[in-house]
Amino acid sequence: MNSRAALIQFGKVIAHDIGSGRLGEMSRMVGEALALVPQASCDLVDLAVSEARKKRPNESLVAAYGFMVGQTLEMLRYGIERADPSAIGAVAAVREKLLALARSGQLGPGLLMLLSRQFATAKLDIGDELRGLVGAKIEAGSGLLPNPAAGPSAEGFLTDLSQALGGDAFAIHAELSESASAVPNEHRIAIAHAMSNAPVVPVREAALGWLFDASRDVRIGTAEALAAAAREGRLTRTTSRRLIVARSWMAEADRGAIDTAITACRRNGIEPLPNVAVQSRGTLISGFDGAGAQSIFVVLKSGRKHTLASLLLKQGIGVRDAWVRRDLSKADVEDFIGTIGEEIGVFDGSLNYLRIALAHFLSVNQGSGVLPPFGLLDFVETVGLEAADPEPLSVEQVTARLLETAGPREDLDVEEAIAASSEWPDGYEFMDSWFEDDASVGEVLAGKRLTKAKRISLVLERVLGARRRRWAELLAWSAMVLHDSGGDEEAMDFALVVRELLGDRPISDIPLMHAIAAATVEAWKARHG
Numbered sequence: 019m020n021s022r023a024a025l026i027q028f029g030k031v032i033a034h035d036i037g038s039g040r041l042g043e044m045s046r047m048v049g050e051a052l053a054l055v056p057q058a059s060c061d062l063v064d065l066a067v068s069e070a071r072k073k074r075p076n077e078s079l080v081a082a083y084g085f086m087v088g089q090t091l092e093m094l095r096y097g098i099e100r101a102d103p104s105a106i107g108a109v110a111a112v113r114e115k116l117l118a119l120a121r122s123g124q125l126g127p128g129l130l131m132l133l134s135r136q137f138a139t140a141k142l143d144i145g146d147e148l149r150g151l152v153g154a155k156i157e158a159g160s161g162l163l164p165n166p167a168a169g170p171s172a173e174g175f176l177t178d179l180s181q182a183l184g185g186d187a188f189a190i191h192a193e194l195s196e197s198a199s200a201v202p203n204e205h206r207i208a209i210a211h212a213m214s215n216a217p218v219v220p221v222r223e224a225a226l227g228w229l230f231d232a233s234r235d236v237r238i239g240t241a242e243a244l245a246a247a248a249r250e251g252r253l254t255r256t257t258s259r260r261l262i263v264a265r266s267w268m269a270e271a272d273r274g275a276i277d278t279a280i281t282a283c284r285r286n287g288i289e290p291l292p293n294v295a296v297q298s299r300g301t302l303i304s305g306f307d308g309a310g311a312q313s314i315f316v317v318l319k320s321g322r323k324h325t326l327a328s329l330l331l332k333q334g335i336g337v338r339d340a341w342v343r344r345d346l347s348k349a350d351v352e353d354f355i356g357t358i359g360e361e362i363g364v365f366d367g368s369l370n371y372l373r374i375a376l377a378h379f380l381s382v383n384q385g386s387g388v389l390p391p392f393g394l395l396d397f398v399e400t401v402g403l404e405a406a407d408p409e410p411l412s413v414e415q416v417t418a419r420l421l422e423t424a425g426p427r428e429d430l431d432v433e434e435a436i437a438a439s440s441e442w443p444d445g446y447e448f449m450d451s452w453f454e455d456d457a458s459v460g461e462v463l464a465g466k467r468l469t470k471a472k473r474i475s476l477v478l479e480r481v482l483g484a485r486r487r488r489w490a491e492l493l494a495w496s497a498m499v500l501h502d503s504g505g506d507e508e509a510m511d512f513a514l515v516v517r518e519l520l521g522d523r524p525i526s527d528i529p530l531m532h533a534i535a536a537a538t539v540e541a542w543k544a545r546h547g
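Just so we're aligned: 263 in the numbering used here is position 245 of the sequence shown, and the numbers increase by one with no gaps anywhere.
Written out as structure tokens, the structure is:
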């Protein structure tokens, strides 16, 4: 079976899953598999175009190809975050493919929007040229999105959308932002203005979501729209509270416009609505994986129903994702927890760790320039965090906090911790992915006939040696997780090894780093055959 025939078979299985409303194992894993095949995304675009142009297209199959493109782009984004040239090139190829098809008229409006939305799903930028083409089609009345200048028809669309999504402001914004990410900035600003003037409250509350847009023009335009709505008394007390909470998450340069909206709320008597107290039933925290990602899950109970709130933190980026699922049964929650326990491994944690980690990673957002998601407001409110302000915590500060709780340590303790580190990769599930996997590894290893020992030595010296602080940070925050879950002895050993990583001890003398180098070599060999 050739590669395109295989993609068609994958597509048919996923189309069936989409039709049944439940994604199977193949649907969940397809992106990871296809990200290893550089041409796959472009082939999927061709298949979607070919199916859509049939007299009687299989709409589920078109949707399946679009889903596969999105999943593959998301996996490629992880490579882009590691500066992997092959991932950067693969995404650029998809962008160019869509641009060429759109210019030639081979992409109908619906398919153009479907494929464009996959970039938003993957948190990738579609590019100004494609954004301009989508905007032109909207202005021409393609029906892709409501044209805010259309007045009553746009209001009707927004009202219907609110009803369909149960009046959930976060779901409303998520639905619109995925589509609107592919349109020019001025169109998104116009949508924000239209939403802040909408006749239904949930849509007006959803307008605040555009403050989290990647474009500063959109953020400022949104703040101005909210200020105007506040002056006219259209903002709710909930929006007033959310403006105040979100203000500290924004760049300093954006806060003036937000302050204007907050002041307008106060002058018009729109006082912040206090948050409702919640009952937490437990907090589960994963260790940090090799890409620097950590997941936190909070289970809450309201009557007979349960709520699950989730946070994704990423080293070097900050708060990457946040979502809340409501009205779950106890069985739903137990099934989910069982699944994540098998897939990533979790520890019983506390809201205290959550507060510390969230404050730190919000400060990382400010350094990286990547805004946290709008859904973080939903998470913070649901979990009952009254304040969530950025507060950086250096790796030295994390280590000092941990070691202070243990008191003075002898040199013997340090050597025992160093020796014990050789066993950690086998003992902690989150360390399964502790290896480097970016272009620098290829630069060191490619084109050389070397023994395994020499390869490991080169990775230790030339790759890990330059990244001691990155690995010290991962190890320090992992120690915080262990300490929070009651593993004090292991946490202290982790902290002692962090201290050595930050010091002058040769990296080759730390067994954990030797294991990471060996795993890096194995991952490189697997990727390159």
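Yeah, the Cβ is synthetic: ideal placement off N, Cα and C, and Gly gets one too. Everything numeric in this text was worked out from a predicted model, so none of it was measured.
Subject >> C-alpha distance - Leu376 paired with Val337, whole-angstrom precision >> reply: 7 Å
Just confirm the distance between the C-beta atoms of Ile528 and Ser439, as a whole number of angstroms; I'd bet it's less than 8 Å. Correct: roughly 6 Å between the Cβ atoms.
Query - Inter-residue Cα distance where the pair is Asp61 and Asp522 - result: 50 Å
Buried or exposed (CB count within 10 angstroms, at least 16 for buried), Gly287: exposed
Could you compute how far the alpha carbon of Gly445 sits from the alpha carbon of Thr357? 20 Å
Fully enclosed by the stretch 234-275, which alpha helix (DSSP H) runs are 4 residues long or longer?
234-249 and 255-265
Backbone secondary structure at Arg74 - three-state DSSP = coil
### Query
Can you round the beta-carbon distance between Leu52 and Thr90 to whole angstroms, since I take them to be within the 8 Å contact cut?
About 4 Å; that satisfies the 8 Å criterion.
Measure the C-alpha to C-alpha separation of Gly300 and Leu331 and round it to an integer number of angstroms.
19 Å
Requested in this report: On the DSSP bridge assignment, give the partners of Lys348 in chain order.
Outcome: According to DSSP, Lys348 bridges with nothing at all.
**Prompt:** How is Thr325 classed by DSSP in three states: helix, strand or coil?
**Reply:** strand
Original post:
For Ala491, does the count of other Cβ atoms within 10 angstroms reach 16, so buried, or fall short, so exposed?
Top reply: A small correction: the amino acid at residue 491 is Glu; Ala does not occupy that position in the sequence shown. That one is buried.
Original post:
So, helix, strand or coil for Phe392, using DSSP?
Top reply: coil
| message | Whether or not the stretch 392-407 and the stretch 454-472 are in contact is what I'm after, with contact meaning three or more pairs of Cβ atoms, one per stretch, closer than 8 Å; do they touch? | response | The answer is no - the stretch 392-407 does not touch the stretch 454-472, with fewer than three Cβ pairs under 8 Å.
Sorted by chain position, which residues of the same chain lie with C-beta nearer than 7 Å to Leu142's C-beta, five sequence neighbours on each side aside? Cβ within range, chain order: Leu91, Arg95 and Val109.
(request) Starting from the Cα of Gly367, find the closest Cα among Pro391, Phe315 and Ser78 and give me that residue. (result) Phe315
Next on the checklist: Quick check on Thr177: does DSSP put it in helix, strand or coil?
Outcome noted: Correct three-state label for Thr177: helix.
message = Once the 5 residues before and after Ala225 are set aside, which same chain residues still bring their CB inside 6 Å of it?
response = Ala210, Met213 and Ser214
query: Taking the C-alpha atoms as reference points, what is the distance between Ala81 and Ala33?
result: Near 7 Å, if we compare the C-alpha coordinates of Ala33 and Ala81.
What separation, rounded to the nearest whole angstrom, lies between the Cα atoms of Ser475 and Thr538? 11 Å
Margin query: Once DSSP output is grouped into helix, strand and coil, what is the label at Leu17?
Written below: Not covered by the structure: residue 17. The range shown for the chain is 19 to 547.
Requested in this report: Could you check if Asn383 is buried or exposed, using at least 16 other CB atoms within 10 Å of its CB as the buried criterion?
Outcome: A residue is called buried once 16 or more other Cβ atoms fall within 10 Å of its Cβ, and Asn383 is buried on that count.
So, for Gly29: in the same chain, excluding its five sequence neighbours on each side, which residues have a beta-carbon less than 6 Å away from its beta-carbon? Within the same chain, Leu79, Ala82 and Tyr83 come within 6 Å of Gly29 by CB-CB distance, once the 5 residues on both sides are set aside.
| message | Quick check on the DSSP output: the alpha helix (DSSP H) that includes Gln384 runs from which residue to which? | response | From DSSP, the alpha helix (DSSP H) with Gln384 extends over Leu369 to Ser386.
Q | Identified DSSP bridge partners for Val459 | A | DSSP output for Val459 lists no bridge partner at all.
- request: Assign Asp143 to one of three DSSP states: helix, strand, or coil.
  value: coil
- Task: Name the residue from Leu116, Leu420 and Ala243 whose alpha carbon lies nearest to the alpha carbon of Gly505.
- Result: Leu420
**Prompt:** Can you tell which of Glu99, Ser122, Ala198 and Pro103 has its C-alpha closest to the C-alpha of Gln136?
**Reply:** Looking at the Cα atoms, Ala198 is the closest of the given residues.
Original post:
Roughly how many angstroms lie between the CA atoms of Trp542 and Gly153, to the nearest whole one?
Top reply: Between the C-alpha atoms of Trp542 and Gly153 there is a straight-line separation of about 42 Å.
Handout entry: Extent of the continuous alpha helix (DSSP H) run through Ile534
Key = It spans Pro529 to Arg545 - the alpha helix (DSSP H) in which Ile534 sits, taken as one unbroken run.
Item to complete: Over the uninterrupted beta strand (DSSP E) stretch that includes Ile303, give me the two end residues.
Response: Gln297 to Ile303 is the extent of the beta strand (DSSP E) around Ile303.
Helix, strand or coil for Phe453 per DSSP? The answer is coil: DSSP assigns Phe453 none of H, G, I, E or B.
(Q) Taking DSSP's pairing of strands, which residues face Ala138 in a bridge? (A) In the DSSP output, where bridge partners are listed per residue, Ala138 has none listed.
Grab me the residues of Ala275's own chain with a C-beta within less than 8 Å of its C-beta, minus the 5 sequence neighbours each way, in chain order.
Arg237, Ile238, Ala241, Glu242 and Ala245
Using CA atoms only, rank isn't needed, just tell me which of Leu478, Ile374, Tyr371 and Ser313 is closest to Gly359. For the options Leu478, Ile374, Tyr371 and Ser313, the alpha carbon positioned closest to that of Gly359 is the one of Ser313.
**Prompt:** Looking only at its own chain, which residues have a Cβ that is under 7 Å from the Cβ of Gly49, when we skip the five neighbours before and after it?
**Reply:** Gln89, Thr90, Glu92 and Met93
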